[in-house]
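The structure under discussion appears below in the form of structure tokens.
Protein chains: 4
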Amino acid sequence: MSSNSFGKLLTVTTFGESHGPAIGCVVDGCPPGLAIAPEDFRDDLDRRATGRSRHTSQRREADEIEILSGVYEGQTTGTPIALLIRNTDQRSKDYADIAERFRPGHADYSYWHKYGLRDPRGGGRSSARETTMRVAAGVIAKRWLAQKYGIAVRGWLAALGPLTPAAFDWAAIEDNPFFWPDAAMVQELESFMDRLRKSGDSIGARVNVLASNVPPGWGEPIYGKLDGELAAALMSINAVKGVEIGDGFAAVTQRGSEHRDEMTPQGFLSNHAGGILGGISSGQDVLASIVLKPTSSILIPGRSVNVRNEPVEVVTKGRHDPCVGIRATPIAEAMVALVLMDQALRHRAQCGDVGAVEPRIPAKP
Amino acid sequence: MSSNSFGKLLTVTTFGESHGPAIGCVVDGCPPGLAIAPEDFRDDLDRRATGRSRHTSQRREADEIEILSGVYEGQTTGTPIALLIRNTDQRSKDYADIAERFRPGHADYSYWHKYGLRDPRGGGRSSARETTMRVAAGVIAKRWLAQKYGIAVRGWLAALGPLTPAAFDWAAIEDNPFFWPDAAMVQELESFMDRLRKSGDSIGARVNVLASNVPPGWGEPIYGKLDGELAAALMSINAVKGVEIGDGFAAVTQRGSEHRDEMTPQGFLSNHAGGILGGISSGQDVLASIVLKPTSSILIPGRSVNVRNEPVEVVTKGRHDPCVGIRATPIAEAMVALVLMDQALRHRAQCGDVGAVEPRIPAKP
Amino acid sequence: MSSNSFGKLLTVTTFGESHGPAIGCVVDGCPPGLAIAPEDFRDDLDRRATGRSRHTSQRREADEIEILSGVYEGQTTGTPIALLIRNTDQRSKDYADIAERFRPGHADYSYWHKYGLRDPRGGGRSSARETTMRVAAGVIAKRWLAQKYGIAVRGWLAALGPLTPAAFDWAAIEDNPFFWPDAAMVQELESFMDRLRKSGDSIGARVNVLASNVPPGWGEPIYGKLDGELAAALMSINAVKGVEIGDGFAAVTQRGSEHRDEMTPQGFLSNHAGGILGGISSGQDVLASIVLKPTSSILIPGRSVNVRNEPVEVVTKGRHDPCVGIRATPIAEAMVALVLMDQALRHRAQCGDVGAVEPRIPAKP
Amino acid sequence: MSSNSFGKLLTVTTFGESHGPAIGCVVDGCPPGLAIAPEDFRDDLDRRATGRSRHTSQRREADEIEILSGVYEGQTTGTPIALLIRNTDQRSKDYADIAERFRPGHADYSYWHKYGLRDPRGGGRSSARETTMRVAAGVIAKRWLAQKYGIAVRGWLAALGPLTPAAFDWAAIEDNPFFWPDAAMVQELESFMDRLRKSGDSIGARVNVLASNVPPGWGEPIYGKLDGELAAALMSINAVKGVEIGDGFAAVTQRGSEHRDEMTPQGFLSNHAGGILGGISSGQDVLASIVLKPTSSILIPGRSVNVRNEPVEVVTKGRHDPCVGIRATPIAEAMVALVLMDQALRHRAQCGDVGAVEPRIPAKP
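Residue numbers (the numbering used here), protein chains in the order written: chain A, 348 to 712; chain B, 348 to 712; chain C, 348 to 712; chain D, 348 to 712.
This is the structure:
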């Protein structure tokens, strides 16, 4: 199976380099009869796009998506859906001077040791440009989950460096360029980012994704667990260094009497588990959280080596995000949606309607 | 592909329930010519075994392993290696009273909603008994990695609830029942666990695994990244709620100038990345860290429902670990070793010896 | 994915060597709630067994099957079903003299060149002993297909060397040791086989399998087509050198006006296609046909080489079938049933009940 | 795994409909460093192209291929290679009258029952147009196999309806539009096809493919056998109804003393096995043979039904091949090459250089 493919029954294969002619993906396994059109991809591609505010990379890509196959008269047909986006704003000269030197903290060195050669333009295949197609594929999954199960998959920025939201309001999230759930803090974030950009440095972040209305029974033990697949999907996003489900690492110091989510006929009394028990959804909201490292593409000079193992100094100019975590929000949503849709199909295959065992306790008290 | 299988080229398929007649696994894809005998499994199975100290479950399994296939005259032949362990110490009556009620924080409720029926004896398939076979399969991977590349995969308990090691000594780890790297603290851990057991409660933990001597170039971008596969493998372990690579969630508040690992001809100057860049090993030590939630099998009564959605009270007697994280150490090592061996084979397939691009900087300064 | 695994959603992994301690398989993905017991395997294992008549190998294996997992209180639970059979009648000394020489027409030479070593006892992994587990797994698939869809998968010997049935009677097939559909010819077959055995030679055969009541819509274009998967499954049976669907190679000389199966509201007017169009079942009976080569294990001396490439003479004594095609009938049935069940689950995953588009023309006029 | 993907380590995913905007494929797993350029695809695409002679479909596609990714400065980089061809000569009106009626012998009826809807233009996804991308992907495999192992994969038309070659000359094959190895018969084939076209009917065919210089040891028992994978690959080609390896169905009436290929230090004495023993290459030439049914797209009216199950008469006008087998030759070559390259990588992963056990007998006496 392709290492550039993801998912067992809903399989997404992506291709393309940052500065190649195009990026694209093939989404295979989508049920027939789902209405989808090029404009349906607009919103999420815009949410991920660079150049939306001064706080993200200034590369401006139109990201016009073309549906090459799998859709007939506005509906999916069950055959593979190919999506294509032409790259239009490559400035490869920005990278010419680092073709032979390895940027610290980047994939340059490891790609070179793996393949013996590499496409240095804009990071080539290792660029976050690839995640555009994840978002595109995720749009299909989100639509299907919403229409068939009423599932909503929504993310937000849960930490920007040392800053964390003091309040939570779903409505606020889409009203600021940070996907921040606390409107009162947006000014503070703006200032933080302005100072950071001026310093030439970058900062880490945390992104949360919550999927609501997930029915109980999704997930395939033992090695296709819902949390296992979420972990793989989220860790595969560029710059992610950790994944948590529910309480995550906070559970290190918790007691069992505190962590276990008690149940009553009226519903669960808490959700420390993040909606997953034994690798299978419990009917509660599924919560995943990730950390995005601070990008290594910064203006502050760093020590490194070149292909001849000679010492060099590296300064990454180009157009980069001082906090890659911000734009990771729609990407993380897409990955969660793709995992959920894949698991939905897998569950239907093995268990049909058996999963709908009644009675079921409500997702929330 | 089987949801009870793991790995692309080194594929491990496990089977068996906690109180069924046996557990076992099939390891497929191992190169021919590796020397292996039943006694080679002894050490790691003992490290994972219950009943070694008063701090773990008192279920006593002999865990005598039988090699059913794939080995001829003491050497692997390239055909699938089947390993079998008979269950001998099942006390199913311990579980009879919870056949119709769901233990909070357990897989009972989610399995029942997935499959419409379940084997309630000892947790059935969702029991940590399954991890015995991971450890067994991991023995094969550890041997191959050690012999062919000199790789060592070693784990330790990095936190027991609120306690963390004040010192680190490889030699100490195997000298106490906690896999604790700080000999001076063992007495403190003993007391902590005794108090905990008496309280009828349980506690969370953190386990670290470090793989040294991993060559650069292992890992398959984009959806077969080394860190993505580690995340899936580790998150699939029972009770794991989070996975970190390198600095993990600490990177939320780090700056790029701090996080990026600078390079010199004499080696990397730090290892925040945990040995993985762009999903590919960098030649540094690979570090993964996981959190194990406090087990929900505790003596303190909890509210729950039964299959008719009636309120019930649940007390889990049986023989349980007050800290499942302790015995998770060899399990986590096994998963890391299996992922590494799989990636080694995948790298060899696509890149042959190309990966051995020279010069290479040393793993450590 | 394991090379010893078969199927995407119903995945069968087999293990074991001819003269090792045991053979077994793991069947993963079976829906929960299917009633199955060890005695349900008896009939088909007996049909495949050696030693039933003087016309097959005289190796006598009890083939007592043990269900190790996946079944609780007589029903499948949705977890992997492991099946085990101990080998009891190995006579490895029969093979001692050929450990260093390659039997012509056998896998000895190719295994040795692949792995650099091999288990020579009874052919090791390349022995048809492995097919016992296919038959066992096939029993599960046959039961599920029959109960859920009323599908019957039945095979027969369609040619024994130069002999072909002059008549066809379903009832006759199970009444003779040849799976021959023409009772009047059984005496002729007995004589033919007696002469053959006396000559020390072997003969080829053709086996047909027909699956009736298959609904339209099963099969996944383009690379998971029903006929493509049948071809892979059947070609993987030992000694098979060709696979046909429907008219097969007879279509070389057919015209389109003859081959195309015309349709009327009352049904198809013919079935040249063997029930598959564009890789998807059409609702007609699915017909597959295979050729089994004459076994190379014969008493007539043959020229060969040894591991040092020196010329040797080989005579295969042991206990062998003069016509391996005879016992292949239940094996071929099993493979067809496993492919169909896998495709049924795949269809259900992607298309749910959409496949049941009405009106549908009857399978037969 | 995607049902529109093929291969385990060299994975080809195709997409596109006959009359959609484009067809394409993603080839993942190709080793880095292979030189490849758009013009390298020209020859094989031309060999498969329609409109080359009056004996094939008159649809004229420029088939200009674009490399979208995976190649940098003329060399593969190890990342996925995406290939795209725009459809330019769709005449969808040709098919308007059959949108609601099912052509007998076509995938119309089965697609409709699978998906509940279909793209009727030119057969949509079930069109042989898809095979263009197989040929394109096959070019990469052929180049790699040739450069690394000196392997040549070559096909020819072995039967055109009742006609079979009376002589065999490699040089003749590429000198006539039939891929016919007997130059003296080409005039006879021309006449046969002219008469056939005039009659409005179509005819079946047989295509052979031979791969020479394949090393011993390729193929993964039990369910990834070289012959099993060839069978799946070849049966997945449109219109194929049967696959043979080596002597194929002729083995039904052969004796073991005749079929087994005896060996001497100077080489094998025959090649009835078609170069494969126990699913693993033996070092002899690999020979596969397929039957292509006569296309059902003919001018002779046929009985059928429409989507309301009413009786209709169908005449397929459009631009069709009276013998689809002719153009199948490069397609079959491509599939054999792709299977071999995939197996080469798989062998390298598990066995490294072990397969090169010496001494090895020559492929030919």
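For every residue, glycine included, the Cβ atom is placed at its ideal position computed from N, Cα and C. As the structure is a prediction and not an experimental result, all values here were calculated from the model.
Can you confirm whether residue i, when its beta carbon is compared against all beta carbons of chain C, has any partner nearer than 8 angstroms?
| i | result |
| --- | --- |
| Pro677 (chain D) | no |
Should residue i be flagged as near chain B, meaning a C-beta pair shorter than 8 angstroms?
| i | result |
| --- | --- |
| Ser350 (chain D) | no |
| Leu464 (chain C) | yes |
| Leu356 (chain D) | yes |
| Gly593 (chain A) | yes |
| Gln494 (chain C) | no |
| Val652 (chain A) | yes |
| Gly425 (chain D) | yes |
| Ser416 (chain C) | yes |
| Glu364 (chain C) | yes |
| Pro563 (chain A) | yes |
| Phe353 (chain A) | yes |
With the cut-off set at 8 angstroms, would you say residue i and residue j are in Cβ contact?
| i | j | result |
| --- | --- | --- |
| Leu624 (chain A) | Tyr456 (chain B) | yes |
| Gly575 (chain D) | Met582 (chain C) | yes |
| Asn351 (chain A) | Thr358 (chain A) | no |
| Asp548 (chain D) | Arg401 (chain C) | no |
| Met540 (chain B) | Pro669 (chain B) | yes |
| Gly551 (chain C) | Gly508 (chain C) | yes |
| Pro681 (chain B) | Val418 (chain B) | Here residue 681 (chain B) turns out to be Ala, not Pro, going by the sequence shown. No, the Cβ-Cβ distance between Ala681 (chain B) and Val418 (chain B) is not below 8 angstroms. |
| Arg472 (chain A) | Pro568 (chain B) | yes |
Of all Cβ atoms in chain D, is any one closer than 8 angstroms to the Cβ of residue i?
| i | result |
| --- | --- |
| Ile428 (chain C) | no |
| Pro712 (chain C) | Low local confidence applies: a pLDDT of 45 at Pro712 (chain C) is under 50, so the model's placement there is unreliable, and no value is given. |
| Arg476 (chain A) | no |
| Thr361 (chain C) | yes |
| Asn656 (chain C) | yes |
Using a Cβ-Cβ distance under 8 angstroms, would residue i count as near chain A?
| i | result |
| --- | --- |
| Thr600 (chain D) | no |
| Ser583 (chain B) | yes |
The alpha helix (DSSP H) spanning residue i covers which residue range?
| i | result |
| --- | --- |
| Lys495 (chain C) | 478 to 496 |
| Ser457 (chain B) | 455 to 462 |
| Arg693 (chain A) | 671 to 698 |
| Glu576 (chain A) | 573 to 582 |
In the DSSP assignment, the beta strand (DSSP E) including residue i goes from what residue to what residue?
| i | result |
| --- | --- |
| Trp565 (chain A) | From DSSP, Trp565 (chain A) is part of no beta strand (DSSP E); its letter is neither H nor E. |
| Asp608 (chain A) | Element bounds for Asp608 (chain A): n/a, residue is neither H nor E. |
| Arg395 (chain B) | Looking at the DSSP string, Arg395 (chain B) is not in any beta strand (DSSP E); the run it does join, the alpha helix (DSSP H), is 389 to 395. |
| Cys372 (chain A) | 369 to 375 |
| Pro658 (chain A) | 658 to 661 |
| Thr361 (chain D) | 358 to 363 |
| Glu413 (chain C) | 412 to 414 |
| Gly649 (chain A) | 649 to 652 |
- If you measure beta-carbon to beta-carbon, which residues of the segment 370 to 388 of chain A are closer than 9 angstroms to chain C? Gly376, Cys377, Pro378, Pro379, Gly380
- Message: Which residues of the segment 669 to 699 of chain A have a Cβ closer than 7 angstroms to any Cβ of chain C? Give them in chain order.
- Response: Leu692, Arg693, Arg695, Ala696, Gln697, Cys698, Gly699
- Segments assigned alpha helix (DSSP H), at least 4 residues, entirely inside the segment 513 to 538 of chain B: 517 to 520
- Query: Using Cβ-Cβ distances below 9 angstroms, what residues of the segment 538 to 561 of chain A are close to chain B?
  - Reply: Leu543, Ser546, Gly547, Asp548, Ser549, Ile550, Gly551, Ala552, Arg553
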